[in-house]
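Novice: Heads up: the sequence shown runs through residues 1 to 613, numbered per full-length UniProt numbering. Please find one structure pasted underneath; my questions will follow.
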Amino acid sequence: MVVKDKVFKLLYDVEKPGRYIGNEINMVKKDPKKVDVRFAFCFPDVYEIGMSNLGLKILYHLLNEREDVYCERAFMPWVDMQQRMQKEGIKLFSLETFTELDGFDIIGFSLSYEMSYTNVLKMLELCGLPLESQKREKGMPIVIAGGPCTYNPEPLWEFIDVFVIGEGEEVILEIIDLYKKYKFSSMTKEEFLFECASIQGCYVPSLYNVEYNSDGTLKSIVPVSENIPKKVKKRIIKDLDSIYFPTKMLTPLIEVVHDRATLEVFRGCGRGCRFCQAGVIYRPIRFRSAKKTLQYAKELVENCGCNEISLVSLSTSDYPNIDELAREILKFAEDKKVNISLPSLRLDSTSLDLLKEVEKVRKPTLTFAPEAGTQRLRDVINKNIKEEDIYSTVKLAFERGFQNIKLYFMLGLPLEEDEDVLGIYTIAKNIREIYKELGLRKRIRITVSTSFFVPKPHTPFQWEAQDSIENMQRKMKLLKENLKKVKDVEYSWHDFYLSKLEAVLSRGDRRLSRVIKRAVELGCQFDDWGEFFDFSKWEMAFQQENIDWRFYSDRKRDFDEVLPWDIIDPGVTKEFLKRECLLAYEEKTTSSCFDRCTGCGVASFRGGICVGK
């Protein structure tokens, strides 16, 4: 019996069988026998999350534009499906042809979040492949990985052959070309990896030696040969108008997390929040032209059968004349009964009027992200918004009929005091008072949501210690007790232990690879899902490998310490990050890239708004 028939027999007994059947609108169909390279794009989470990922869709369609490549997809099966697959002897398979993944040439993982690391290993296990790169010989798939987590690739170094650093549209094609040379010649795997390391943006961890000091800190990361780059510089796309973008995009047949067509309007962010990794690794800022954006929007509406199109970026308000662009799209989208979504807006009178115009079907929840409860702490983190701006915008929103307000904050930020924690309560209380003073009678909902600060690589706060779990709990309880006093306010917070593990994996070194493997052996998977996350299993994994996880999360680093991710060059210099960290200690802010060049170093790419600086 072929794999497809076996799979379909299992679908009567699993939750959400639509996750495993493929055949979506705009799915690419090819004859696998007529291509040179078969590429399995793996997303280490369930279908509904993976199919909301824009990067997956871009690379899927880009690779399938080539006649010599067939890119197919695989997602992490839910536990019920895993059990039935193992019972029936079915390995992890692709959705396009139901081919088991150990028969592919390349397996590529998207690493969006550290908590998916156990899923990566579990998917390799479900493929029937050796987990360790050195045990996978020629004839077995080459395993690569890309995405934001690759900016510290070291915790997964033992399992991934090649990490792709930066934007993938160009570098993935260069890897494909090299793979064809490897596949159809006597070239060894070692020779392939050596050549791969010469491609800008490719980090081959097996070609670097690591040494540690007696105190456990990193001593050095050195290439095995002078022909291997000492640092791996990220890849970027300089001109978004010239690069491929799919407008006949995969459209799921079941509801997914972000069930809409997604159109990227620009890359990068120039706001400079000191805790934010994305604001560093996606620099420089590069806009897609309004002409191209309108063209793509029309084609997406025609081709994807969606009822919503989302204009996305890290800070959509920074797109030049975003209100004019949205209204132009609305002119043809309305006729097709397609709504426009505008996430990541800075909320002011202009954007509120725009939201009111485009959100005619429903009033959206307005989301503010002050991040900190006092102006002092917002200056520390370089969040250049004033409290009075929040209040004036909220008042305008209430007057325009908006009833749901969501406020995002962080607890445990560097230099935070209890006064800053209580400042969150003050903001929520004052917003409720504004509504009361307006004399409005409709029921409102104010949601306060807090996450815990996680020091991320390549940020000004990469050297900072994370709060202890005990301090996280104390601050959460302090805020919770005070917010109870405010009518119409709901409070939610992120899991303490999940935030702790995220910090450990974010700043981990190569020694964590064996901890991750041990965690999988102890049953860890789907760590971002509350029903599966079990910190006690992770603690056991650390104990069995004789590693103290607090070394990675709770310890402040010196500026001169060698960091595991120093091998990666994001374009933003370490000297700039140090300078920004010192300014945080002085509670001083830095202007955005739109006001002046801050000398971060990314102008070396000669792209986007940095050209000429």
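Note that CB positions come from ideal geometry on N, CA and C, so glycine has one too.
Just confirm the distance between the C-beta atoms of Phe93 and Leu101, as a whole number of angstroms; I'd bet it's less than 8 Å.
Specialist: 7 Å
Novice: Taking Asn546 as part of the alpha helix (DSSP H), name the residues at either end of that continuous run.
Specialist: Where Asn546 is concerned, there is no enclosing alpha helix (DSSP H), given that its DSSP letter is neither H nor E.
Novice: Please name the residue, chosen from Phe576, Asp45, Trp565, that lies closest to Val257 on a Cα-to-Cα basis.
Specialist: Asp45
Novice: Measuring only the C-alpha atoms, how far is Lys248 from Arg441?
Specialist: Roughly 46 Å separates the two Cα atoms.
Novice: Considering only the beta carbon of each residue, do Ala261 and Ile322 sit closer than 9 Å?
Specialist: no
Novice: So, under 8 Å CB-CB, Phe576 and Cys610 are touching, yes? Tell me the CB distance rounded to an integer number of Å.
Specialist: In fact, because the Cβ distance is near 13 Å, the residues do not count as touching under 8 Å.
Novice: Can you give me the Cβ contacts of Glu464 inside the same chain, cut-off strictly under 7 Å, excluding the 5 residues immediately before and after it?
Specialist: Pro414, Pro455, Lys556
Novice: Counting Cβ pairs, one atom from each stretch, are 3 or more of them under 8 Å apart for the segment 326-337 and the segment 277-287?
Specialist: No, because fewer than three Cβ pairs between the segment 326-337 and the segment 277-287 fall closer than 8 Å, the two stretches do not touch.
Novice: Starting from the C-beta of Gln277, find all residues in its chain whose C-beta is less than 8 Å away, skip the five residues before and the five after it, and write them out in chain order.
Specialist: Excluding positions up to five away in sequence, the list reads Pro148, Tyr151, Lys456, Pro457, His458, Thr459.
Novice: Output the residue ranges of the alpha helix (DSSP H) runs that lie fully inside the segment 544-589 and measure 4 residues or longer, sorted by chain position.
Specialist: 550-553, 574-585
Novice: Based on Cα-Cα distance, which residue from Ala145, Trp493, Ile165, Arg400 lies nearest to Glu158?
Specialist: Ala145
Novice: Residues in the same chain with beta-carbon distance under 8 Å from Gln403, minus the five sequence neighbours each way, listed in chain order, please.
Specialist: Lys363, Lys442, Arg443, Ile444, Arg445
Novice: Kindly indicate the opening and closing residues of the alpha helix (DSSP H) around Leu478.
Specialist: 469-483
Novice: Identify every residue that forms a DSSP beta bridge with Phe39.
Specialist: Cys71, Ile106
Novice: Which of helix, strand or coil does DSSP assign to Val3?
Specialist: helix
Novice: When the Cα atoms are used, what is the spatial distance from Leu121 to Met115?
Specialist: 12 Å
Novice: In its own chain, which residues sit with a C-beta less than 6 Å from the C-beta of Glu167, not counting the 5 before and 5 after it?
Specialist: Arg235, Ile236, Ile237
Novice: Taking the straight line between their C-alpha atoms, what separation do you get for Asp36 and Val69?
Specialist: Cα atoms of Asp36 and Val69: separation of roughly 6 Å, rounded to the nearest angstrom.
Novice: So, at 7 Å on beta carbons, what are the nonlocal neighbours of Gly18 in its own chain, with the 5 sequence-adjacent residues on each side left out?
Specialist: Leu253, Ile254
Novice: Which residues in the same chain as Gly608 place their Cβ atom closer than 6 Å to its Cβ, once the five residues preceding and following it in sequence are excluded?
Specialist: Pro284, Ile285, Arg286
Novice: Measure the C-alpha to C-alpha separation of Leu11 and Val232 and round it to an integer number of angstroms.
Specialist: 44 Å
Novice: Looking at the secondary structure, which residues open and close the beta strand (DSSP E) in which Leu131 lies?
Specialist: Run containing Leu131: none; DSSP gives neither H nor E here.
Novice: Determine whether the beta carbon atoms of Phe409 and Thr447 lie at a separation below 9 Å.
Specialist: no
Novice: If you scan the segment 173-236 from start to end, which runs of the beta strand (DSSP E) of 3 or more residues do you find wholly inside it?
Specialist: 208-212, 218-223
Novice: Let me check understanding here. Comparing Cα to Cα, which of Pro153, Tyr113, Asp161 lies closest to Leu124?
Specialist: Asp161
Novice: Identify, in the order they occur along the chain, each residue of the same chain with its Cβ nearer than 6 Å to the Cβ of Arg514, setting aside the five sequence neighbours on each side.
Specialist: Glu545
Novice: Work out the CA separation of Leu178 and Tyr104 for me, nearest whole Å.
Specialist: In the sequence as displayed, the identity of residue 104 is Phe instead of Tyr. Between Phe104 and Leu178, the C-alpha separation is close to 16 Å.
Novice: Taking Met115 as part of the alpha helix (DSSP H), name the residues at either end of that continuous run.
Specialist: Note, Met115: premise wrong, no alpha helix (DSSP H); not H, not E.
Novice: Do you know whose CA, among Glu15, Asn64, Arg66, lies nearest Gln83's CA?
Specialist: Glu15
Novice: What did DSSP end up calling Ser513 once you bin it into helix, strand or coil?
Specialist: helix
Novice: Below 8 Å, can you find three or more Cβ-Cβ pairs linking the segment 411-427 to the segment 369-379?
Specialist: A contact exists between the segment 411-427 and the segment 369-379.
Novice: Check each candidate in Lys406, Glu399, Arg267, Leu505 and name the one with the smallest Cα separation from Leu438.
Specialist: Taking only the C-alpha atoms, the option nearest Leu438 is Glu399.
Novice: Decide if the segment 219-232 is in contact with the segment 170-177; the criterion is three or more beta carbon pairs, one per stretch, under 8 Å apart.
Specialist: no
Novice: Is it a yes or a no for the segment 133-144 touching the segment 524-532, going by three-plus beta-carbon pairs under 8 Å?
Specialist: no
Novice: Leu314 by DSSP, collapsed to three states: which one?
Specialist: coil
Novice: Contact defined as beta carbons within less than 8 Å: I believe residue 630 pairs with Leu314. What is the distance between those atoms, to the nearest angstrom?
Specialist: It is not possible to answer for residue 630, since the shown part of the chain is limited to 1 through 613.
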